[in-house]
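A short write-up of the structure that comes next.
Residue numbers (the numbering used here): 215 to 418.
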């Protein structure tokens, strides 16, 4: 059951992840930004395709007076591999992020991560050719400012799973769904960017 996957991943320190990211972002944000709920747009255009998102779980937690939202997303696809993780990170680097503030890897989910941002900044080679990402790891995370969301975001990939985790101050499941759909489809900068797709049919 997909809910079991989310439960297990939620046990792996969700609030710890929020705490770490909140501390690192403290200087940038005086307080959390809670995006207003988007009103339902009667004429909103949807993609003529089935969504890549099968299920989403939304958690949140305060760190001091900072409220951070965690979205655990189960993809309607086969488990992805390390090369795919790096490829998506490299795509975001050029297509959406103004700047990468954090870049980290870990051997296994839940283990302490190794911060690579200083080496990355010195390399000036881009993630696709970044030597430290040549060796396969269990998790890859990157954080920065998203142009599409106009807000801070942290994304975590878990090797050989279908789960994608998003941290952001934004409290808006619909907007995050559009964002992840755009990442998976690689449609930033196109007419199909930030659009919803048809829901995945429920299995009996």
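Glycine included, C-beta positions come from ideal geometry on N, C-alpha and C.
Closest to residue i by CA distance: which of the options is it?
i, options, result
"residue 327", "391, 336, 353, 415", "353"
"residue 301", "336, 411, 397", "397"
"residue 368", "277, 313, 297", "313"
"residue 306", "281, 414, 357", "357"
"residue 275", "408, 262, 298, 285", "285"
"residue 292", "373, 311, 355", "373"
"residue 406", "315, 417, 393", "393"
"residue 272", "290, 289, 380", "380"
Please list, in chain order, all residues of the same chain as residue i whose beta carbon is under 7 Å from its beta carbon, the five residues on each side excluded.
i, result
"residue 321", "351, 352"
Inspect the beta-carbon positions of residue i and residue j and report whether they are closer than 8 Å.
i, j, result
"residue 363", "residue 331", "no"
"residue 270", "residue 411", "no"
"residue 283", "residue 401", "no"
"residue 287", "residue 377", "yes"
"residue 360", "residue 315", "no"
Would you say residue i reaches chain C, if we count a Cβ-Cβ gap shorter than 8 Å as a contact?
i, result
"residue 282", "Of the chains in the structure shown, none is chain C; there is only one protein chain."
Skipping 5 residues on each side, what residues in its chain have a beta carbon closer than 6 Å to that of residue i?
i, result
"residue 319", "328, 351, 354"
"residue 268", "288, 290, 414"
"residue 317", "330, 331, 334, 356"
Take every Cβ of the stretch 337-345, pair it with every Cβ of the stretch 372-392, and state whether three or more of those distances are shorter than 8 Å.
-> No: fewer than three Cβ pairs fall under 8 Å.
Fully enclosed by the stretch 306-388, which alpha helix (DSSP H) runs are 4 residues long or longer?
-> Listed in chain order, they are 331-337.
Tell me the start and end of each unbroken beta strand (DSSP E) in the stretch 279-308 that is at least 3 residues and wholly inside, in chain order.
-> Listed in chain order, they are 280-289.
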